[in-house]
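*Asks:* My questions will all concern the structure given below.
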Amino acid sequence: MEYERVLHGRFADAEGVYEAYVGIEKGKIAKISGNELKGRDFISILQPHYVFPAFIDAHVHLREPGWEQKETFATGSVAALNGGVKTLLDMPNLPEPIDTLERLESKIARAQGMPVDIRHFAMATNAGEIKKMAQLVVGYKIYTAKSTGDSVMSWGAIEKASSVIASIDKPATFHCEDESLFTSASRHSDARPRESEILAIEKALGIVEKTGVKANIAHVSTEEGARLCREAEVMHEVTPHHVFFTKEQESPLLKMNPPLREKKDCDALLRALREGNCMLATDHAPHMLVEKQGANPPSGVPGLDTYGLFVSWLLKEKWVSPRAIAKVTSHNAAKFFGLPGGRIEEGAPAAFTVIGTEGNTTVHNSGVKTKCGWTPFDGITMPGKVMHVI
Ligand code: DOR
Ligand code: ZN
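Under the numbering used here, think of the first position of the sequence shown as 7, with each following residue one higher.
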């Protein structure tokens, strides 16, 4: 048997790390073997590189339609590939929030033909529209506090929406900050303090228990928040910026919701990644430099371009196992949202991200593909390299 293509290398998935020959036919994995396979096209990826199931970013804001000056499906797709991301889940907080079937259909039409797989969330704000959108979305987004866009919901409305979402067996991603604990402090991380996240996660988990909604807690920033999710065995996201930066580094550029926290929080989030039961998601939230450097800078940082380099940093400098990496970069998201990918098995999509762990890459604003043209990692040298998305 001669396969269309054979990929030989050191693979890493949720099961472990192994050298293999993978035969590919029509975009799918047709055969996995420890012995050499024949292919019309043969690619050998030598150690020390790792071949992972292609990365999935479960939390991205591509800004279209409405904020195309910040990002578009086209520019965001290239930024994703630059970072090793092959599938991304796009958020609905736009100037006209995606809360009706009509808006959803028109957004999906715009995202056709991109070089990455783009999936869509809808807002859960419009109780009457939730069911209508079910077939077209990966899940629903719930804002418990105001952030970019204007789709905050009361806890009462959240509980009602959660019941509807549970009844159609779809997931919901919760942005957890409780506005009742916001302060008027001038520092962003004090204005939206850690307690506000912890309280909101507690309330959200209560709603999960009551309604049975399948929940994902977005961008957990605190040690307590991570512990609550772990104890409740509820899916949650960890962002690169909440692991890499602390609130001492907070600045207009490094301003986001929830804000940066303390070293102990970075450590707890790193532990969650090591344990492998969460998702590494960027919360890619591009805003233009002129906005970030002006009065009242908006919250959010871009992250797609640097996803893969953050992964190699985890591998090389933080000793996160390749198996845990495979879980947090694709396996868990694929399983949680019911997406193809996230595993290296016969019948699975032949989509891979190759991370090189040798050498270094210095990140520069000039090298990123996001339309906003900057990255919080500007000037920072990361070990390793994103070699390919196959
Ligand atoms: O920092 C953030 N930026 N947090 C959010 O919740 C939204 C995001 C954005 O869309 O800019
Ligand atoms: Zn977000």
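The C-beta atom is built at its ideal place from N, Cα and C for all residues, glycine as well.
Residues with a Cβ closer than 5 Å to any heavy atom of the ligand DOR, in chain order?
*Replies:* Those residues, listed in chain order, are H67, S153, T154, M262, N263, A291, S305, G306.
*Asks:* Taking its Cβ as the centre, do 16 or more other Cβ atoms sit within 10 Å of N99, making it buried, or is it exposed?
*Replies:* For the purposes of this step, residue 99 is identified with residue 93 of the sequence shown, where counting begins at 1. Buried.
*Asks:* Within this structure, are the beta carbons of V122 and K92 separated by less than 8 Å?
*Replies:* For the purposes of this step, residue 122 is taken as the residue at position 116 of the sequence shown. For the purposes of this step, residue 92 is taken as the residue at position 86 of the sequence shown. Yes.
*Asks:* From M294 to G314, what distance separates their C-alpha atoms?
*Replies:* Numbered from its first residue, the sequence shown carries residue 294 at position 288. Numbered from its first residue, the sequence shown carries residue 314 at position 308. C-alpha separation (whole angstroms): 23 Å.
*Asks:* How about L13 and I30: do their beta carbons lie closer than 8 Å?
*Replies:* In the sequence shown, residue 13 corresponds to position 7, counting from 1. In the sequence shown, residue 30 corresponds to position 24, counting from 1. Yes, the pair counts as a contact, with Cβ atoms nearer than the cut-off.
*Asks:* Runs of 4 residues minimum, wholly inside the stretch 196 to 262: which ones carry the alpha helix (DSSP H) assignment?
*Replies:* You should have 200 to 217, 229 to 238, 246 to 250.
*Asks:* Roughly how many angstroms separate the alpha carbons of E239 and G45, rounded to a whole number?
*Replies:* Along the sequence shown, one-based indexing puts residue 239 at 233. Along the sequence shown, one-based indexing puts residue 45 at 39. Those two C-alpha atoms are separated by around 43 Å.
*Asks:* Thinking C-beta only, is I361 closer than 8 Å to V398?
*Replies:* Summary: the structure shown does not reach residue 398, with the chain confined to residues 7 through 396, and so no result is reported for it.
*Asks:* Would you mind giving the Cβ-Cβ distance between F61 and L68, rounded to the nearest angstrom? I have them listed as a contact below 8 Å.
*Replies:* Indexing the sequence shown from 1 puts residue 61 at position 55. Indexing the sequence shown from 1 puts residue 68 at position 62. Not really, about 16 Å apart at Cβ, beyond 8 Å.
*Asks:* Give me whichever residues DSSP pairs with H126 in a beta bridge.
*Replies:* Here the question's residue 126 lines up with position 120 in the sequence shown. Bridge partners of H126: D96.
*Asks:* Classify P59 as helix, strand or coil using the three-state DSSP reduction.
*Replies:* Numbered from 1 along the sequence shown, position 53 holds the residue referred to as residue 59. DSSP places P59 in strand when its eight states are reduced to three.
*Asks:* On the three-state DSSP scale, how would you describe S160?
*Replies:* Residue mapping note: residue 160 aligns to position 154 of the sequence shown, counting from 1. Looking at S160 - three-state DSSP - the assignment turns out to be coil, as it is neither helix nor strand.
*Asks:* Could you spell out where the alpha helix (DSSP H) holding N41 opens and where it closes?
*Replies:* If you number the sequence shown from 1, residue 41 lands on position 35. Unbroken run through N41: none, as it is neither H nor E.
*Asks:* DSSP has P355 in a bridge; who is on the other side?
*Replies:* Taking the first residue of the sequence shown as 1, we reach residue 355 at position 349. Answer by DSSP bridge pairing, in chain order: K34.
*Asks:* Taking H181 as the reference, which of Q299, S202, E352, C378 has the closest Cα?
*Replies:* Here residue 181 refers to the residue found at position 175 of the sequence shown. Nearest of Q299, S202, E352, C378 to H181, Cα basis: S202.
*Asks:* Are A64 and A330 close, meaning C-beta to C-beta below 8 Å?
*Replies:* Taking the first residue of the sequence shown as position 1, residue 64 is located at position 58. Taking the first residue of the sequence shown as position 1, residue 330 is located at position 324. Against a cut-off of 8 Å, the Cβ pair of A330 and A64 comes out as no contact.
*Asks:* Using a Cβ-based criterion (distance less than 7 Å to any ligand heavy atom), does M285 qualify as near the ligand ZN?
*Replies:* For this step, residue 285 is matched to residue 279 along the sequence shown. Answer for M285: no, Cβ out of range of the ligand ZN.
*Asks:* Beta-carbon within less than 7 Å of P355's beta-carbon, same chain only, minus the 5 sequence neighbours each way: which residues are those?
*Replies:* Here residue 355 corresponds to residue number 349 of the sequence shown, with the count starting at 1. Closer than 7 Å at the Cβ level, and outside the excluded window around P355, lie G33, K34, P346, G347.
*Asks:* Leaving out five residues before and five after T217 in sequence, what residues of the same chain have Cβ atoms less than 7 Å from its Cβ?
*Replies:* Translated into the one-based positions of the sequence shown, residue 217 becomes position 211. Contacts found: E165, S168, S169, A172.
*Asks:* Would you kindly work out how many angstroms separate the C-alpha atoms of L110 and E70, rounded to a whole number?
*Replies:* What you label residue 110 is simply residue 104 of the sequence shown in a count that begins at 1. What you label residue 70 is simply residue 64 of the sequence shown in a count that begins at 1. Each residue's alpha carbon lies about 11 Å from the other.
*Asks:* List the endpoints of the continuous beta strand (DSSP E) containing A340.
*Replies:* On the sequence shown, residue 340 is found 334 positions in, with the first residue counted as 1. Per DSSP, A340 belongs to no beta strand (DSSP E); it is in the alpha helix (DSSP H), 338 to 343.
*Asks:* Leaving out five residues before and five after S2 in sequence, what residues of the same chain have Cβ atoms less than 7 Å from its Cβ?
*Replies:* Outside the modelled stretch of the chain, which goes from 7 to 396, sits residue 2, for which no answer is possible.
*Asks:* Thinking just about the alpha-carbon of each residue, which of A278, G344, A115, V369 is nearest to the one in L310?
*Replies:* Looking up residue 310 in the sequence shown gives position 304. Taking only the C-alpha atoms, the option nearest L310 is V369.
*Asks:* Judging by CA-CA distance, which residue of T106, A115, L142, V392 is the nearest neighbour of R321?
*Replies:* Translated into the one-based positions of the sequence shown, residue 321 becomes position 315. Checking the sequence shown, residue 321 turns out to be Leu, not Arg. L321 has its Cα closest to that of V392, out of T106, A115, L142, V392.
*Asks:* Where do the ends of the beta strand (DSSP E) carrying R267 lie?
*Replies:* Locating residue 267 in the sequence shown gives position 261, where the first residue counts as 1. Run containing R267: none; DSSP gives neither H nor E here.
*Asks:* Name, in chain order, the residues that DSSP records as bridge partners for V395.
*Replies:* The count along the sequence shown starts at 1 and reaches residue 395 at position 389. V395 is bridged to T359.
*Asks:* For K176, count neighbouring Cβ atoms within 10 angstroms of its own Cβ and tell me buried if that reaches 16, exposed if not.
*Replies:* Along the sequence shown, read from residue 1 onward, the residue named residue 176 stands at position 170. That one is buried.
*Asks:* What number of angstroms, rounded off, separates the C-alpha of G212 from the C-alpha of A332?
*Replies:* Translated into positions along the sequence shown, residue 212 becomes position 206. Translated into positions along the sequence shown, residue 332 becomes position 326. Cα-Cα distance, rounded: 30 Å.
*Asks:* Any idea if D156 is buried or exposed, counting beta-carbon neighbours within 10 angstroms, 16 or more meaning buried?
*Replies:* In the sequence shown, the residue the question calls residue 156 occupies position 150. So D156 counts as exposed.
*Asks:* Is the CB-CB distance between A278 and V326 below 8 Å?
*Replies:* As a working note, residue 278 is residue 272 in the sequence shown. As a working note, residue 326 is residue 320 in the sequence shown. No, they are not a contact pair.
*Asks:* What's the C-alpha gap between E268 and K147?
*Replies:* Here residue 268 is taken as the residue at index 262 of the sequence shown, counted from 1. Here residue 147 is taken as the residue at index 141 of the sequence shown, counted from 1. Taking the straight line from one Cα to the other gives about 27 Å.
*Asks:* If you draw a straight line from the alpha carbon of P265 to that of N302, how long is it in whole angstroms?
*Replies:* Taking the first residue of the sequence shown as position 1, residue 265 is located at position 259. Taking the first residue of the sequence shown as position 1, residue 302 is located at position 296. Distance between the alpha carbons of P265 and N302: 15 Å.
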